[in-house]
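Have a look at the structure below before the remarks.
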Amino acid sequence: MKNKTHNKTLVEDIELTPDNPVKSGINWYPGHMARAIREIKEKVKLVDIVLEIRDARAPLASGNKAMDETLRQKSRLILINKVNLADPHMIHLWEEWFKTQGEPYLFLDCFDKASMKKVMTMAHQIVDQKRLASNPETYVYKAKLKMMIIGLPNTGKSTIINQLANRGATKTADRPGQTQVQQWIVIDKDLDLLDTPGVMPPLLAKEEHGLWLSALHAIPDDIVGVERPALFLIEYFKNKNSKELKDRYKLTTLDITVEEIVEKIAVLRGCVRQKGLPDLERVYKLILLDFRKGELGKVCFGIPPVDKDI
Ligand SMILES: Nc1nc2c(ncn2[C@@H]2O[C@H](COP(=O)(O)OP(=O)(O)OP(=O)(O)O)[C@@H](O)[C@H]2O)c(=O)[nH]1
Ligand SMILES: [Mg+2]
83 MKNKTHNKTL VEDIELTPDN PVKSGINWYP GHMARAIREI KEKVKLVDIV LEIRDARAPL
143 ASGNKAMDET LRQKSRLILI NKVNLADPHM IHLWEEWFKT QGEPYLFLDC FDKASMKKVM
203 TMAHQIVDQK RLASNPETYV YKAKLKMMII GLPNTGKSTI INQLANRGAT KTADRPGQTQ
263 VQQWIVIDKD LDLLDTPGVM PPLLAKEEHG LWLSALHAIP DDIVGVERPA LFLIEYFKNK
323 NSKELKDRYK LTTLDITVEE IVEKIAVLRG CVRQKGLPDL ERVYKLILLD FRKGELGKVC
383 FGIPPVDKDI
């Protein structure tokens with residue numbers, strides 16, 4: 083039976099008002115997320131800085147504008163994680179765009195120790211500058227930092243905490259919705275971290291963002307199904323005439339239809355049912371798995387917008 087909280091039609095626990103309409107399309111907003119937002123709002127007062135984790139394969143679509151009001155008064159450092167899986171050329175363009183947005187940010191692979199050191203240096207600088215600016219007369223340097231880690235599901239929040247802790251302080255998993263309750267993790271006398279459950283925006287700005295986030299596994303497969311994100315990915319790589327797609331599935335050409343590509347992958351990988359028909363469910367799952375492991379190459383969904391829109 084489907085979990086009640088995995089509801090395709092958006093919203094449980096969220097008040098419906100004219101400002102908060104339910105639109106059709108891909109959305110995932112289970113009860114634990116509404117609770118998570120309430121708890122983030124409560125606890126944000128207790129921390130010095132919020133680390134907002136995004137996915138470098140969709141630097142804008144993996145943000146959450148619905149959190150802006152909650153974070154308005156707070157120091158924020160945007161960490162655009164999993165850069166090792168993202169298209170380096172597009173990351174360069176995104177870096178240029180983030181530079182113009184006036185918010186501290188860092189693109190990183192959180193398994194890289196030097197990047198994690200930089201996170202701590204930046205967090206200290208941001209908090210310190212704010213303390214100095216708001217109270218120049220009474221300012222004294224404080225080594226102690228309390229940080230809250232927020233972001234969409236599966237962006238790597240808990241992994242970042244474990245990297246900072248140098249141990250498995252909190253559970254991680256390669257699927258969205260692993261962390262379901264807040265947890266304080268005391269690293270040492272100078273650092274407390276608050277892990278929070280991944281929160282989706284209540285509404286996605288565009289239908290295609292839902293496909294991107296499903297492909298990136300910020301949205302579980304049983305919400306959208308495997309067919310749409312898998313076909314979207316094949317079309318995306320076909321349009322790029324991707325060498326990785328050809329190599330991975332031994333395709334001589336991508337100048338055939340998406341359906342024909344899927345059939346060829348099914349045959350190659352033995353995803354075939356009785357009478358030689360392709361087992362589509364299996365082949366879609368296989369495509370998604372390969373993509374998420376980075377086997378189909380580095381991607382970046384979307385392009386930097388012309389306007390200010392962090
Ligand atoms: N390649 C790569 N994988 C990463 C990186 N950071 C995290 N991951 C992987 O992403 C997956 C999700 O990590 P989690 O830390 O559980 O993500 P989360 O944001 O806490 O997820 P929820 O608790 O479900 O919201 C795990 O399989 C991590 O190993 C990164 O920088 N690069
Ligand atoms: Mg987590």
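Sequential numbering of the sequence shown, starting at 83, is according to my numbering.
Where a beta carbon is used, it is the ideal one built from N, C-alpha and C, also for glycine.
Where the alpha helix (DSSP H) through Ile385 begins and ends: The residue you call residue 385 lines up with position 303 of the sequence shown. Looking at the DSSP string, Ile385 is not in any alpha helix (DSSP H), and its letter there is neither H nor E.
Let me check you understand the geometry: is the CB of Gln260 closer than 6 Å to at least one non-hydrogen atom of ligand 1? If you number the sequence shown from 1, residue 260 lands on position 178. At least one heavy atom of ligand 1 is nearer than 6 Å to the Cβ of Gln260, so yes.
With a cut-off of 8 Å, do at least 3 Cβ pairs link the segment 272 to 286 to the segment 257 to 264? yes
Is the closest heavy atom of ligand 2 to the C-beta of Ser144 under 6 Å? By 1-based counting over the sequence shown, the position of residue 144 is 62. Answer for Ser144: no, Cβ out of range of ligand 2.
Within-7 Å CB hit, Gln265 to chain C: Although the question refers to chain C, the structure presented lacks it and comprises just one protein chain.
Counting along the chain, where does the beta strand (DSSP E) carrying Leu276 start and finish? Against the sequence shown, residue 276 aligns to sequence position 194. Start and end: Leu273 to Asp277.
Exposed or buried, Pro141, counting other C-beta atoms within 10 Å across all chains shown (16 or more means buried)? Locating residue 141 in the sequence shown gives position 59, counting from the first residue. When all chains shown are included, Pro141 counts as buried.
Between which two residues does the beta strand (DSSP E) harbouring Asp270 extend? Here residue 270 refers to the residue found at position 188 when the sequence shown is read from its first residue. First-last of the beta strand (DSSP E) with Asp270: Gln265 to Asp270.
Just verifying my parser: in three-state terms, what is the DSSP assignment at Lys199? For this step, residue 199 is matched to residue 117 along the sequence shown. In the structure shown, Lys199 sits in a helix (DSSP, three-state: H, G or I).
Can you list, in chain order, the residues of its chain whose CB lies under 6 Å from that of Pro302, leaving out five sequence neighbours each side? Along the sequence shown, read from residue 1 onward, the residue named residue 302 stands at position 220. Hits under 6 Å: Pro258.
Flag this pair as yes or no: are the beta carbons of Ala205 and Leu161 separated by less than 7 Å? By 1-based counting over the sequence shown, the position of residue 205 is 123. By 1-based counting over the sequence shown, the position of residue 161 is 79. Not in contact: Ala205 and Leu161 (Cβ atoms no closer than 7 Å).
Compute the beta-carbon to beta-carbon distance between Ile208 and Ile243, rounded to the nearest angstrom, for a pair I have assumed lies under 8 Å. In the sequence shown, residue 208 corresponds to position 126, counting from 1. In the sequence shown, residue 243 corresponds to position 161, counting from 1. No, Ile208 and Ile243 are not in contact; Cβ-Cβ is about 18 Å, not under 8 Å.
According to DSSP, which residues form a beta bridge with Leu159? What you label residue 159 is simply residue 77 of the sequence shown in a count that begins at 1. Leu159 pairs with Leu133.
Proximity to Leu190 [Cα-Cα], best of Ala138, Val344 and Gln183: Against the sequence shown, residue 190 aligns to sequence position 108. The candidate whose alpha carbon is nearest that of Leu190 is Ala138.
Taking Met202 as the reference, give the member of Thr182, Lys123, Leu133 and Ser324 with the closest Cα. In the sequence shown, residue 202 corresponds to position 120, counting from 1. The shortest Cα separation from Met202 among Thr182, Lys123, Leu133 and Ser324 belongs to Leu133.
Hey, how far is the Cα of Glu377 from the Cα of Val222? Along the sequence shown, one-based indexing puts residue 377 at 295. Along the sequence shown, one-based indexing puts residue 222 at 140. The straight-line gap from Cα to Cα measures roughly 50 Å.
Could you give the uninterrupted runs of the alpha helix (DSSP H) lying entirely in the segment 211 to 244, keeping only those of 4 residues or more? none
Under the three-state DSSP convention, the category Tyr187 falls into: Here residue 187 corresponds to residue number 105 of the sequence shown, with the count starting at 1. DSSP places Tyr187 in strand when its eight states are reduced to three.
Taking only three categories from DSSP, how would you classify Ala297? Position 215 of the sequence shown holds residue 297. Reduced to three states, the DSSP call for Ala297 is helix.
Can you tell me the Cα-Cα spacing of Ala255 and Thr220, whole angstroms? Here the question's residue 255 lines up with position 173 in the sequence shown. Here the question's residue 220 lines up with position 138 in the sequence shown. Roughly 44 Å between the two C-alpha positions.
Reduced DSSP category for Val354 - H, G, I as helix; E, B as strand; rest coil: Working through the sequence shown from its first residue, we reach residue 354 at position 272. Note: Val354 maps to strand in three-state DSSP.
My guess is that Ile369 and Ile305 are in contact by the Cβ rule of under 8 Å, so how many angstroms apart are they, rounded? One-based indexing of the sequence shown puts residue 369 at position 287. One-based indexing of the sequence shown puts residue 305 at position 223. Ile369 to Ile305, Cβ: 17 Å. No contact.
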